[in-house]
Each structure stands twice: as structure tokens, then as C-alpha cells.
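If you're matching positions, the sequence shown starts at 0 in numbering that gives the first Met the number 0 and goes up one per residue.
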Amino acid sequence: MAVLGTAGLSDPIIRALPPYRIKILAEKDPAGSIFSKEASGRIKGMGGRVSVVHLPVGVKDVNEDLLRKMEIQKFLNIEM
Numbered sequence: 000m001a002v003l004g005t006a007g008l009s010d011p012i013i014r015a016l017p018p019y020r021i022k023i024l025a026e027k028d029p030a031g032s033i034f035s036k037e038a039s040g041r042i043k044g045m046g047g048r049v050s051v052v053h054l055p056v057g058v059k060d061v062n063e064d065l066l067r068k069m070e071i072q073k074f075l076n077i078e079m
């Protein structure tokens, strides 16, 4: 599931999460750090299991990295 900021992570959504293990992959910037701390605290506070995944060096945004890799894969699969 993807949410945009802690405002997108409403209490009804958090209450639906406890059967699942949640992994937070936030952007590697100050806003992402704040989001990770706030979201993991809220999820844990409501009984959820959560961990924060720290992105590898060179990856700031998961979505951008995945899109870049998809473009590379699409390029490599071009038949001539």
C-alpha cells in the first residue's frame, strides 16, 4: 500500500494493518525520516508490526529507482 504522508495513513487504515507486517520505505530526506518515525510510532501504538527499511546508498526515492530500472529493462528487451 502506498500513502502520501502521515495524513494519508488514517486510523481506519492503521486498524486494518495488524494481521500484516508493515515495511516503511520512505524517501531519504528529512521529510521521509519524520514520516518513518511518526508512521511507525502510530502503527506500533495501535498494535501493528512495523519496520523501517533504510534505502541503499544512491537511492533517494523508491518509486524513481523502480521506474529507472523498468526503463533500463525495457531498453534491454528491445528486439531489433
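For glycine and all other residues, C-beta sits at the position ideal for the given N, C-alpha and C.
Using a Cβ distance threshold of 9 Å, K27 and L66 do not count as a contacting pair. For S39, there is no enclosing beta strand (DSSP E); the enclosing alpha helix (DSSP H) covers residues 29-44. Judged by DSSP secondary structure, S50 falls within the beta strand (DSSP E) whose first and last residues are 48-51. Residues of the same chain with a CB within less than 7 Å of the CB of Y19, apart from the 5 flanking positions on each side, do not exist. Around the CB of G47, 16 or more other CB atoms lie within 10 Å, so the residue is classed as buried.
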